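Below is one structure, written out as structure tokens; comments come after it.
In this note's numbering, the protein residues as written are 5 to 1126.
Next up, the structure:
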């Protein structure tokens, strides 16, 4: 009688001979076979042999020996080519394999060629500078080292891996493999194990499905198995992702090929400081300047320059001469949205085309010209560029690309697309593949970015059928794929509940021919992997596949998915293997649960903007001089706050709104230079006031703002607008969510309908009338936005009605300011994240009587939490903000380094014993330095602060942190009686600080320094007075100290009446606590100096007899009475 496992194999195998001819490897717990490898095995041959031995031992409990010389008594399992193997790897490439049997043997054979890296390459991260220097010596220029992270493809295994039984292994011996080794025989081993029912659905033993067999036998067979694509590449870097994930990836049959350079080769070449320093004209010009951000890989280039063209050709040739490459990448850096604005590039874009063809002619012409030159020197080499972003569509100016150009379509399948559809018309994946096939001489490649779970993706987009059908559709027309997704050190735990599904079904669909059956694989997966929960998990996955797009906005869809999953959980016990597998998906669904809770919430606490009356007689000229703006109701005005924390930005922005007829008006004023030091405070009496600056401007000098603005948009609907200064008006009407109107300082408008599918965003036109004006130290926007209630023309105008209390709109006004020394983002309603586009954070906007809108108290985000922590004055409250899960109210995005730094800095200020440890965790260097300075001051170590930071160039700090650095160093210098140095730093701090309380603290230290160190009452008095000059109510310690300073100076001048008037502004009769005592003592001192002994005694005795006051103050009063 045949065993059940054997019957199953007979039903599934081709070329099967009768059961009597089967080969038995293991029977009744005894080994009848041995594994045979070469006497000089390749690395992966050893791994393949070890894998076969271990898995068969797990299946049967029997361990097969590994030998190099086969015996006559045992059945022989040849793994890889060897001296005695009857089968060769001839004709087997790209991971293909053969499984062939004889009367007493099974051969598992494929190409196992060891990968050998070509020098120069870095052996580890610390070795990159050496390898870079070696590469520069070869090419004679500071261009980037190709594949600097190549070393991450290595994996170190135990030295006894795949060794013969009884072989000696040294104590520290390792077997080092590369993820780029060929793995034909390893694929054959996995293929054989699959015939026994083995499956590997996710990394590690939890992902294994292995049968339990007392006998292992196979029928006679002769199979050659070839993959459907040569390239089956995922961004698994073995040394990063670790052993379990690396082994899993290999078992799935992937194949990476370092000989194919694919993405962003131009960034590798040019995005280096030394290249920009030597050739600034190679880089794209935006807003009149060549743009380069140190450390960024997204520095765009000017492809019209002949020198860049020649050097690109030379760079490509040098790579082909040095490295074993089949293709070189001539792909622009990532994030490319707009053409260089220099004269050579003018008119070379194609604004009349779909946005995905905006730069196709421009970019592909450059690539084609490079390819033509490469063919002359390297006729067998290929030049590769990706069809991506604004150069996705084929060029219209080129009928047929050069024969050596390879096209890789980014999104050539697009199985998961958050926009809801894969694309329409010429941008649909199938249309792109067909169009590019007519332009090239080679099969295409496909590049896909799968959802990045480490960047906030949380939707259950288990797109089984889309994966399967889209891969089958590319078989025969594609050379393969390069897939990127979130793969880090914790890939086997973080997001694995989602990522394993995407990777497994993608990788296995690369095998099996054009009719590979995703449904059969899926049914098997549900049955084998989830056992008792098979049916429920099947229902869950299929529902998610159909409805995942809805779950971002539809709570019922999200809740249905969660209910289906809960039903599956109810079918298993938590500690079973099935329960542990479900726990991984359960963990991934945490984001969906948070989203469901959010969708069930009302809008959280957001600002309110209220229209009052009508905005009449507004002329849109950008100057904001109309009567309505001069007398705009306060409720229709506001200020922007820093986007991520809700704090006060360095560069302030104010706005006003109005409504007239069917038109919505905005007036926006953007501060555009550091805050001037008031002339009466400047020791040098610099002409920094508005009148002096206007006078300078009238003498032919341009306004200050004109010299600093990043004005990058040259026309309407120019995506370059986001490379520089921009203000965005975001409008969610009562019927539509939502519109985006972006305005540059030049008045260029880019308007989008965010409620449409992503590919159609730019098809909408607001018909807004916009004017801008650049003044001295500021720029302004004036806009009239027509509003219609006619929904029949959705491509023009804002659709809606005048907002009311019952049907309000929701809006946000946002500003981006980008400079070489930092960037700043602010908004009417801070989103608590790095993005403007959080509709649930938009402010209430309506016309009518004053009204308090209900806010859900459970909604939170980083900005809300940061402000609450500031009020609590607790380090624990700030540290709790670092838990991303507490900030999921309106966003699933992870915290930025800016947010982490802000929270840690405040926590360190409030902590004592743990301050140093907290400071060490601050990711941004300038913030970390500021926290260190704070800590030194708090511990009375001003001298150490000055010694450590005296030579720090604070102008190199980001402008948004510069004021803090100057203030802290200036305060330390004041304490050390370094008067001149403190004066310089404190005046500089004022220029870079806009928050009033912080300015008060700087002014107080400035005044005290002038009084006590510079001994200049003349300069100290106006500094003290500036703190309280415009205050109707005195209440802060800096204000009380300023009054005391004024009184001291006026007393020294003999102006006792003025001194008493200043102190009486504190209303001492109403004061309590320490400041009551301090002010009364100061009053007594003034009265005594004026010769008013009785009044002085009364003030001192009041302090002495008030038992609620601190003993130190009462003792001071007692001494004065003696």
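Ideal Cβ placement from N, Cα and C applies to all residues, glycine included.
Everything numeric in this text was worked out from a predicted model, so none of it was measured.
Check: Contact between the segment 850-862 and the segment 606-624: three or more CB pairs below 8 Å?
Finding: yes
Item checked: CB-CB length for residue 829 against residue 647, believed under 8 Å -> 4 Å
Check: Quick one: is residue 623 buried, meaning 16 or more other Cβ sit within 10 Å of its Cβ, or exposed?
Finding: exposed
Note to self: With DSSP as the reference, identify every bridge partner of residue 323, one or two as the case may be.
What the structure shows: The partner list for residue 323 (beta bridge, DSSP) is empty, contrary to what the question assumes.
Notebook entry, point to check: Mind pulling the beta strand (DSSP E) runs of 3 or more residues that sit fully within the segment 362-425?
Noted result: 386-391, 409-414
Check: Should residue 654 be labelled buried (16 or more other beta-carbon atoms within 10 Å of its own) or exposed?
Finding: buried
Check: How big is the Cα-Cα spacing for residue 245 and residue 493?
Finding: 5 Å
Note to self: Do residue 819 and residue 644 count as a contact pair if the criterion is CB distance below 7 Å?
What the structure shows: yes
Next item on the list: Express the C-alpha separation of residue 778 and residue 702 in angstroms, rounding to a whole number.
Entry: Bear in mind that the predicted position of residue 702 carries a pLDDT of just 34, short of 50, making it unreliable; the figure below should be weighed with that in mind. The straight-line gap from Cα to Cα measures roughly 14 Å.
Check: Closest to residue 998 by CA distance: which of 1008, 276, 1017, 967 is it?
Finding: 967
Item checked: Same chain, Cβ closer than 7 Å to residue 233, five either side skipped, listed in chain order -> 482, 483, 484, 485, 514
Checklist line | Minimum length 3: unbroken beta strand (DSSP E) runs contained in the segment 714-763 | finding: 730-736, 741-747, 753-757
Next item on the list: Check whether the Cβ atoms of residue 586 and residue 573 lie closer than 7 Å to each other.
Entry: yes
Item checked: Euclidean distance between Cα positions of residue 921 and residue 900 -> 20 Å
Notebook entry, point to check: Excluding sequence positions up to five away, which residues of its chain have a Cβ less than 6 Å from the Cβ of residue 339?
Noted result: 302
Notebook entry, point to check: Taking all protein chains shown into account, do 16 or more other C-beta atoms lie within 10 angstroms of the C-beta of residue 589, making it buried, or fewer, making it exposed?
Noted result: buried
Checklist line | Beta-bridge partners of residue 204, as assigned by DSSP | finding: 212
Checklist line | Same chain, Cβ closer than 6 Å to residue 1121, neighbours up to 5 away in sequence not counted | finding: 1104, 1107, 1108
Notebook entry, point to check: Is residue 727 buried or exposed, if buried means 16 or more other CB atoms sit within 10 Å of its CB?
Noted result: buried
Next item on the list: Spatial neighbours of residue 641 within its chain, please: CB distance less than 6 Å, with the 5 preceding and 5 following residues excluded, ordered by chain position.
Entry: 660
Margin query: Between which residues of its own chain and residue 191 is the CB-CB distance below 7 Å, once the five residues before and five after are set aside?
Written below: 99, 101, 114, 257
Next item on the list: Establish whether the CB of residue 603 and some CB of chain D are separated by less than 7 Å.
Entry: Checking the listed chains, one finds no chain D in this structure; it contains a single protein chain.
Next item on the list: May I ask you to list the residues that DSSP assigns as paired with residue 672?
Entry: 659, 785
Next item on the list: With a 10 Å radius around its C-beta and 16 neighbouring C-beta atoms as the bar for buried, classify residue 954 as buried or exposed.
Entry: exposed
Notebook entry, point to check: Where do the ends of the beta strand (DSSP E) carrying residue 529 lie?
Noted result: Taken as a continuous stretch (DSSP letters only), residue 529 belongs to no beta strand (DSSP E), being part of the alpha helix (DSSP H) at 522-534.
Notebook entry, point to check: Just the Cα atoms here: how many angstroms apart are residue 467 and residue 170?
Noted result: 49 Å
Check: Taking the alpha-carbon positions, what's the residue 753 to residue 719 distance?
Finding: 8 Å
Next item on the list: Go to residue 328, then tell me how far its alpha helix (DSSP H) extends in each direction, as first and last residue.
Entry: Note, residue 328: premise wrong, no alpha helix (DSSP H); not H, not E.
Notebook entry, point to check: Which residues mark the beginning and the end of the alpha helix (DSSP H) in which residue 249 is found?
Noted result: 247-255
Check: When the Cα atoms are used, what is the spatial distance from residue 391 to residue 843?
Finding: 32 Å
Next item on the list: Keeping to the same chain, check which residues put their C-beta closer than 7 Å to that of residue 681; ignore five residues upstream and five downstream.
Entry: 692, 991, 994, 995
Next item on the list: Could you please give the first and the last residue of the uninterrupted alpha helix (DSSP H) stretch that includes residue 548?
Entry: 538-551
Note to self: By the three-class DSSP mapping on this structure, what secondary structure does residue 1050 have?
What the structure shows: helix
Notebook entry, point to check: What do you reckon, are the CB atoms on residue 55 and residue 213 nearer than 7 Å?
Noted result: no
Check: Secondary structure at residue 790, three-state DSSP: helix, strand or coil?
Finding: strand
Notebook entry, point to check: What residue from 615, 26, 539 has the CA that sits closest to residue 110's CA?
Noted result: 26
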